[in-house]
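Structure first, then comments.
Numbering (UniProt numbering), first residue to last: 1 to 362.
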């Protein structure tokens, strides 16, 4: 079987600087596709991989928020063809598990990736981030990880739907069921939180309260649709959210940080029978302590949102269309475009809160 040599960004070991190395990409096997990557966002999840926060299956081929063009497909692939412009996703639904068969494919319990592994030149197998590995000129994925969208959209914008932006918009629309006239609070205004603000606006929320400790992030949230802001470094966010909602709390509170402290704030900042959505990713050692009587007495629902409960085949094309119609400004998330060998510096800027998204453009 033929292989192609491409350049890719590798995380060689825990907390080590990333390296640009030669990656060998095999021809696609049954159910697989090779995609020529055009753009890939630098997501916090890539930093988690680099730091060892997800697994110790080094070396990792980083990058997963990507868009590009299908170059070749393996045997039996009918959903995409060479030349298709696609957004990559890390939840290729199986169609066969109990969730899929019950008509809830966004909960698919058996999502899949490419069977073959990409390697370094010495044969070392690479672990692709979220089963994608798109900080590379080309990558091998399962064909179900490719979602066709309108090729009129810019790749650096489309790729962001592959992870963070979809997670945030979906947390509001799919998981939180934000509706017309609702009040929404979003705690944590990074890329995912800001996308939740944008999703709430799209859904017709009347009041969207952005909460963060960084004034720059709050200013950005206002540009994306927040009607009110709370700097939780200076103000108790629970009291502030209640004050802004007639003393009751918000109908939906979206926690986009992933910490017990901010989750408790979300829990107490919602109205009776309101909804809490956890879309921020916690670390394994975190624990939550809540009075069970409060969980019972306040009613409503406590939900987790995995990838915004999205169904890529349904949601990606719709959001791209809304963007092309000028109704969803996905371009607002792109702070800068960078080259492949600037990923390490992009992690530094992310760490300092200087960017919403850096996007590698090929």
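Built from N, CA and C at the ideal position, the CB exists for glycine as well. Note that the coordinates shown come from a computational prediction; the quantities given were computed from them, not determined experimentally.
Practice item. May I ask you to report which of helix, strand or coil DSSP gives residue 365? Key: With the chain represented from 1 up to 362, any question about residue 365 goes unanswered, as that position is not in the structure.
Point to revise | C-alpha gap between residue 108 and residue 96, whole angstroms | key: 9 angstroms
Exercise for review: Using the DSSP secondary-structure output, state which residues sit across from residue 60 in a beta bridge.
Suggested key: 11, 127
Review point. For the candidate residues 39, 349, 141, 105, whose alpha-carbon lies nearest to that of residue 25?
Key: 141
**Study point:** N-terminal and C-terminal residue of the beta strand (DSSP E) that residue 147 is part of
**Key:** 146-148
Check your understanding: Is it a yes or a no for the stretch 275-285 touching the stretch 121-130, going by three-plus beta-carbon pairs under 8 angstroms?
Key -> no
Review point. On the premise that residue 195 lies in contact with residue 167, defined as a C-beta separation below 8 angstroms, what is that separation, rounded to the nearest angstrom?
Key: 7 angstroms
**Study point:** CB-CB length for residue 191 against residue 356, believed under 8 angstroms
**Key:** 6 angstroms
Check your understanding: What residues in its chain sit with their C-beta under 6 angstroms from that of residue 237, if we drop five residues either side in the sequence?
Key -> 211, 230, 265
Point to revise | From 115, 362, 315, 349, residue whose alpha carbon lies closest to that of residue 31 | key: 115
Exercise for review: Quick one: residues in its chain with C-beta nearer than 7 angstroms to the C-beta of residue 283, no 5 flanking neighbours on either side, listed in chain order?
Suggested key: 53
Review point. Would you call the CB atoms of residue 206 and residue 247 closer than 9 angstroms?
Key: no
Exercise for review: Could you work out which residue in 297, 288, 5 is closest to residue 271 when comparing CA atoms only?
Suggested key: 297
Review point. Which parts of the stretch 48-115 are runs of the beta strand (DSSP E), unbroken and 3 residues or longer, counting only runs that do not cross its ends?
Key: 65-73, 85-88
Review point. Would DSSP call residue 154 helix, strand or coil?
Key: coil
Exercise for review: Under the assumption that residue 137 contacts residue 37 (Cβ atoms under 8 angstroms), give the Cβ distance between them as a whole number of angstroms.
Suggested key: 6 angstroms
Check your understanding: Hey, how far is the Cα of residue 199 from the Cα of residue 339?
Key -> 30 angstroms
Practice item. Could you tell me the boundaries of the beta strand (DSSP E) in which residue 313 lies? Key: Per DSSP, residue 313 belongs to no beta strand (DSSP E); it is in the alpha helix (DSSP H), 312-324.
Check your understanding: What number of angstroms, rounded off, separates the C-alpha of residue 333 from the C-alpha of residue 157?
Key -> 8 angstroms
Check your understanding: Got a sec, what are the start and stop residues for the alpha helix (DSSP H) residue 335 sits in?
Key -> No alpha helix (DSSP H) holds residue 335; DSSP gives it neither H nor E.
Check your understanding: Quick one, are the C-beta atoms of residue 269 and residue 257 less than 9 angstroms apart?
Key -> no
Practice item. Since I believe residue 233 is in contact with residue 213 (beta carbons under 8 angstroms), could you give me their beta-carbon distance rounded to a whole number of angstroms? Key: 4 angstroms
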